[in-house]
Amino acid sequence: MTIQQIIDPAKIESELIQIWEGLAKENKMRACLFNLIVFNIVSARTDYIRNIVQKVIDKFPCRVLFISFDPEAPVPYLKTAISVVAPAGGEGGIACDYIDIGVSGPDLQRVPFILLPHLIPDLPISLLWTEDPSQEHPLFVPLSKLAQRIIFDSESADSLLSFAKTVLALKSQTNIDIADLNWARTEGWRDLMASTFDSAERCDQLKKINLVKITYNAVETPFFCHLKIQSMYLLAWLSSRLKWTVKKTSKSFSFEFENGIHGAIEKEEWEKLGPGTVISVELATSDGHIYKSARIPTQYHTVDIQISSSLQCELPYQFVLGQTATGQSLVKEIITKGTSHHYLEMLKELNQLDRDRLC
Amino acid sequence: MQIENPPHPLEEAGRSSRNIDPCVLVIFGATGDLTGRRLVPAIYNLGREGLLPPNFACVGFARREKTHQQFRDELKTDINTFSRVKPVEESFWKNFQEHIFYHRSEFDDDEGYKALASFLSQLDSKYATRGNRVFYLSVQPKYFPLIVEKLRQHGLIYDVDTTTDRWSRVIIEKPFGHDSDSAAELQKDISKNLDETQTYRIDHYLGKETVQNLLVFRFANSIFESMWNYKHIDHIQITVAEDIGIGTRGHFFEEEGLLRDIVQNHMMQLLSLVAMEPPVSLSAGAIRDEKVKVLQSIRPLSKEDFEHSVVRGQYGTGFINGEKVAGYREEKDVNPRSNIETYLALRFFIDNWRWAGVPFYLRGGKRLPKRSTEIAIIFKDAPGVLFQQQGKKNDPNVLVIRIQPNEGISLKINCKVPGPSSPIQPVKMDFRYGSYFGQTPPEAYERLIWECILGDSTLFARADEVVQSWKIMTPILEHWAAHPPKDFPNYAAGSWGPKQSDEMISKDGRAWRLL
Chain A
38 MTIQQIIDPA KIESELIQIW EGLAKENKMR ACLFNLIVFN IVSARTDYIR NIVQKVIDKF
98 PCRVLFISFD PEAPVPYLKT AISVVAPAGG EGGIACDYID IGVSGPDLQR VPFILLPHLI
158 PDLPISLLWT EDPSQEHPLF VPLSKLAQRI IFDSESADSL LSFAKTVLAL KSQTNIDIAD
218 LNWARTEGWR DLMASTFDSA ERCDQLKKIN LVKITYNAVE TPFFCHLKIQ SMYLLAWLSS
278 RLKWTVKKTS KSFSFEFENG IHGAIEKEEW EKLGPGTVIS VELATSDGHI YKSARIPTQY
338 HTVDIQISSS LQCELPYQFV LGQTATGQSL VKEIITKGTS HHYLEMLKEL NQLDRDRLC
Chain B
7 MQIENPPHPL EEAGRSSRNI DPCVLVIFGA TGDLTGRRLV PAIYNLGREG LLPPNFACVG
67 FARREKTHQQ FRDELKTDIN TFSRVKPVEE SFWKNFQEHI FYHRSEFDDD EGYKALASFL
127 SQLDSKYATR GNRVFYLSVQ PKYFPLIVEK LRQHGLIYDV DTTTDRWSRV IIEKPFGHDS
187 DSAAELQKDI SKNLDETQTY RIDHYLGKET VQNLLVFRFA NSIFESMWNY KHIDHIQITV
247 AEDIGIGTRG HFFEEEGLLR DIVQNHMMQL LSLVAMEPPV SLSAGAIRDE KVKVLQSIRP
307 LSKEDFEHSV VRGQYGTGFI NGEKVAGYRE EKDVNPRSNI ETYLALRFFI DNWRWAGVPF
367 YLRGGKRLPK RSTEIAIIFK DAPGVLFQQQ GKKNDPNVLV IRIQPNEGIS LKINCKVPGP
427 SSPIQPVKMD FRYGSYFGQT PPEAYERLIW ECILGDSTLF ARADEVVQSW KIMTPILEHW
487 AAHPPKDFPN YAAGSWGPKQ SDEMISKDGR AWRLL
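Taken in sequence, the protein lines are chains A and B.
According to my numbering, the stretch in the first sequence is residues 38 to 396, in order.
According to my numbering, the stretch in the second sequence is residues 7 to 521, in order.
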């Protein structure tokens, strides 16, 4: 909404006040529900991250402190810039502060000191750590100490196993709430599974499952390349909830559990669907029931559910997945309190499921 | 007891600010830092806004040689540099400077005082100031008794029992004493020549609008006062944070340290104002009586408390606004092995009915991440029966009175996030003086000098307040002297203090507010 101004760190607050004084004529109101610290290493994903931060602002005004670290810059630098950003459309009367901190080289150690005076007191602090937490980073500890909630994106993880171990260790050592964008992206499917097996009779069927087949969208983008993670999360979630025990895993993403349960993760390519997004889940039971849920190609958010057995074929019905537009999962994770118990159990299950470092 | 004068038949109480006695203000230490930065801009702004008496003169008293005009020119530069309103308004200054003079003398030179007395008499004739005097002692504390004695000897301080047609008042800058004994000694020396009604011990925090508003906020709003007790309040945090270091005050700080510089005076004033009972009236005596009672009710710190309820710190190198800054021991005029504290965190309990069991956490420091002085009232949690989220409690309500900067009051409440699900999010209702009243509040010194000329001592510390405050603080100083710190420097400049401070409050299941 306003042009980004590069300014001295000491002048951040005073210059913001000046901008706001100018905006008073336009009846713009300064709004803020929470502090959102974003840490990002400059890459092809940076624009994507900025885009999802904008989605957060569209929904909830907040003070954004966006840290961009460029480890490959030829000359070390430390730059701070400010702007005022309005929700998309901008027809509402509100806008919020956006503080950019760009850094490279040894000045990285200064970043927490620059950031600290600009957190708005009494409002929650969320840290969106867009990098792999299992890779040590000098800013992770000081920034995580400030936050009540850390949001990871396992998409950035080099190894899902290491990611899961790091997050579990962090949770056991601190009282910080943890969220994960990839976990949030699977929420619709988890809701679908729960609702499909909502009756006592159906719930009983869960014990008889002997096949799980999950397909995902394998179309890569410059900022999404770990495409199997959401499918792995869904399989690990089912496995942890239904107390399955992993026997064998294979590089072809085929999994053997005790009691003859088989799992498989397969790929499809849907051009217009988000990369890595789950396309379908098929469950089969030992008594011949098949539960097939698949997105409708022309209506991505709608899933067609077909339940059949050797004796009968039920009429298909539809389930609308939650809003899965870019950034909405982040919005939801910021506002929800606590750490999902299912998520933590799922991470523990990944220790078995991904023990051969498949992802 | 102070006897209040009967109302003037021609003055309407509360409406006229011009009916103020004529007087001459004499500043001792007129070439010092405080005079240039604070006092002169304050006097200028009072004059510019028509709050000084029409019959007024100001005399600077100092040891350096200079002419009246040189002194005036220096003051003009100071106003242009430090005043909240600048540049100097030439048309006003042209006349106003004619009322400003300089008098050179040593503080112990009888001839100098004799000449001052004669000069003030001349000014009385010229400006009809009627013999009324305000003496502002902006000098090192060791000179306080000497100057007061000399003023008395040369007839410049009047006997309150025999002189009724004119008055003399003395404003004394902090620090008032170095510890309990020295404060008592200083008081004894001063009181030989100065009545308590003539003594105005300045604590500039009391001149700040938000501090004055504390009484209005508490006692003019029934909704808050009814909750202002142990039943509703979990704890109180008082913070005086400065991002600056000690600057050119190395010598001073090496003598004083943070406890004497900020805690014993400013922070204890804030504590007593926030914790006091409603006074029987708004008279200076009634308000100060209640403040003293609070100080008397503070539970003395035991030996164990020195370990668990007191944390001292000293800053090392670090970063402020991204710039590297030196540690305290590398500052100018500081001993490289200094053990002086630049940070202090304390936990007090006030043993009276209202505050039973409510901890008061105080923290103050230099080279913290930002400049911020505030009082935060943290209320008890709502019963956790409803609206828990994943077993987590909602944030407590917090009422924050911001003293500086961004003077104002905010209240944190929990609110439902719009939408079909019901997550709860803390939100802030924020009142800012600047936004609401649209004017820069007067500087503390303006208000205090004006109050002194008016003869209202409400915003000044009384002797028993100061003595009582020292009684609380002196054992800490004695304990420190016997147990020098082993870990200094123990916090980085630009951080929120030593980790022991976080540990102190976290042992109670609480945390310092992140400001």
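Glycine residues also receive a C-beta, built at the ideal position from the N, C-alpha and C atoms.
If the cut is a Cβ gap below 8 Å, which residues of chain A does residue i touch?
i	result
residue 519/B	158, 159
Within 10 Å of its beta-carbon, does residue i have 16 or more other beta-carbons around it, so buried, or fewer, so exposed?
i	result
residue 351/A	exposed
residue 382/B	buried
residue 21/B	Here residue 21/B scores only 49 on pLDDT, less than 50, and its place in the model should not be relied on; the value that follows carries that caveat. Exposed is the call here.
residue 274/B	buried
residue 364/B	buried
residue 108/B	buried
residue 83/B	exposed
residue 50/B	buried
residue 2/B	Missing from the structure shown is residue 2/B; chain B here goes from 7 to 521 and no further.
residue 173/B	buried
residue 35/B	buried
residue 200/B	buried
residue 265/A	buried
List, in chain order, every chain A residue whose beta-carbon is nearer than 9 Å to that of residue i.
i	result
residue 376/B	50, 153, 154, 155
residue 271/B	By Cβ distance, chain A contributes nothing, its closest Cβ being about 25 Å from residue 271/B, past 9 Å.
With distances taken Cα to Cα, identify the nearest neighbour of residue i among the options.
i	options	result
residue 354/B	335/B, 347/B, 307/B, 393/B	307/B
residue 243/B	503/B, 34/B, 406/B, 63/B	406/B
residue 167/A	194/A, 66/A, 158/A, 228/A	194/A
residue 525/B	210/B, 400/B, 375/B	Any question about residue 525/B goes unanswered here, given that chain B covers just 7 to 521.
residue 410/B	214/B, 121/B, 489/B, 358/B	214/B
residue 174/A	191/A, 146/A, 336/A, 334/A	146/A
residue 358/B	185/B, 112/B, 376/B, 299/B	299/B
residue 44/A	138/A, 315/A, 108/A	138/A
residue 79/A	107/A, 66/A, 191/A	107/A
residue 312/A	231/A, 268/A, 155/A, 46/A	268/A
residue 324/B	249/B, 418/B, 44/B	249/B
residue 255/B	348/B, 397/B, 231/B, 498/B	348/B
residue 251/A	130/A, 289/A, 308/A, 284/A	289/A
residue 87/B	434/B, 161/B, 45/B	45/B
residue 227/B	516/B, 284/B, 207/B	284/B
residue 54/B	39/B, 98/B, 62/B	98/B
residue 278/A	388/A, 136/A, 378/A, 152/A	378/A
residue 115/B	101/B, 152/B, 471/B, 280/B	152/B
residue 70/B	456/B, 38/B, 81/B	38/B
residue 302/A	390/A, 132/A, 202/A	390/A
residue 380/B	211/B, 282/B, 138/B	211/B
Closer than 7 Å by beta-carbon distance: list the chain B residues that pair up with residue i, in chain order.
i	result
residue 372/A	423, 429, 431
residue 47/A	327
residue 375/A	395, 396, 397, 398
Against residue i, what residues of chain A qualify as contacts under a CB-to-CB distance less than 7 Å, listed in chain order?
i	result
residue 434/B	159, 160
residue 404/B	159
residue 418/B	159
Can you pull the chain B neighbours of residue i, defined as C-beta to C-beta under 8 Å?
i	result
residue 59/A	Ordered by position in chain B, no residue passes the 8 Å Cβ test against residue 59/A, which lies about 15 Å from the chain.
Inset, instruction - With 7 Å as the C-beta to C-beta threshold (strictly closer), list the residues of the segment 134 to 164 of chain A near chain B in chain order. - result: 147, 150, 151, 153, 154, 156, 158, 159, 160, 161
Legend entry - Selection of the segment 109 to 130 of chain A by Cβ proximity to chain B, strictly under 8 Å: 115, 117
Legend entry - Touch test, the segment 455 to 475 of chain B against the segment 146 to 166 of chain B, Cβ-Cβ under 8 Å, three pairs minimum: no
Inset, instruction - Examine the Cβ distances between the segment 368 to 380 of chain B and the segment 495 to 504 of chain B and report whether three or more of them are shorter than 8 Å. - result: yes
Legend entry - Within 9 Å of chain B by C-beta, residues of the segment 70 to 86 of chain A in sequence order: 70, 71
Inset, instruction - Taking only beta carbons into account, state which residues of the segment 183 to 197 of chain A come closer than 8 Å to chain B, listed in chain order. - result: 183
Legend entry - Interface positions of the segment 298 to 324 of chain B facing chain A (Cβ-Cβ less than 9 Å), listed along the chain: 324
Inset, instruction - Flag this pair as touching only if the segment 118 to 125 of chain B and the segment 151 to 170 of chain B have three or more C-beta atom pairs under 8 Å; answer yes or no. - result: yes
Legend entry - Members of the segment 500 to 517 of chain B that neighbour chain A once the beta carbon cut-off is set at 9 Å: 500, 501, 502
Inset, instruction - Select from the segment 120 to 139 of chain B all residues with a C-beta closer than 8 Å to any C-beta belonging to chain A, and list them in chain order. - result: none
Inset, instruction - Check whether the segment 236 to 250 of chain A touches the segment 381 to 390 of chain A, counting contact only when three or more Cβ pairs, one atom from each stretch, lie closer than 8 Å. - result: no
Inset, instruction - For the segment 481 to 501 of chain B and the segment 318 to 334 of chain B, state whether three or more C-beta atom pairs, one from each stretch, are separated by less than 8 Å. - result: yes
Inset, instruction - Pair every Cβ in the segment 434 to 451 of chain B with every Cβ in the segment 182 to 198 of chain A, then say whether three or more of these pairs are closer than 8 Å. - result: no
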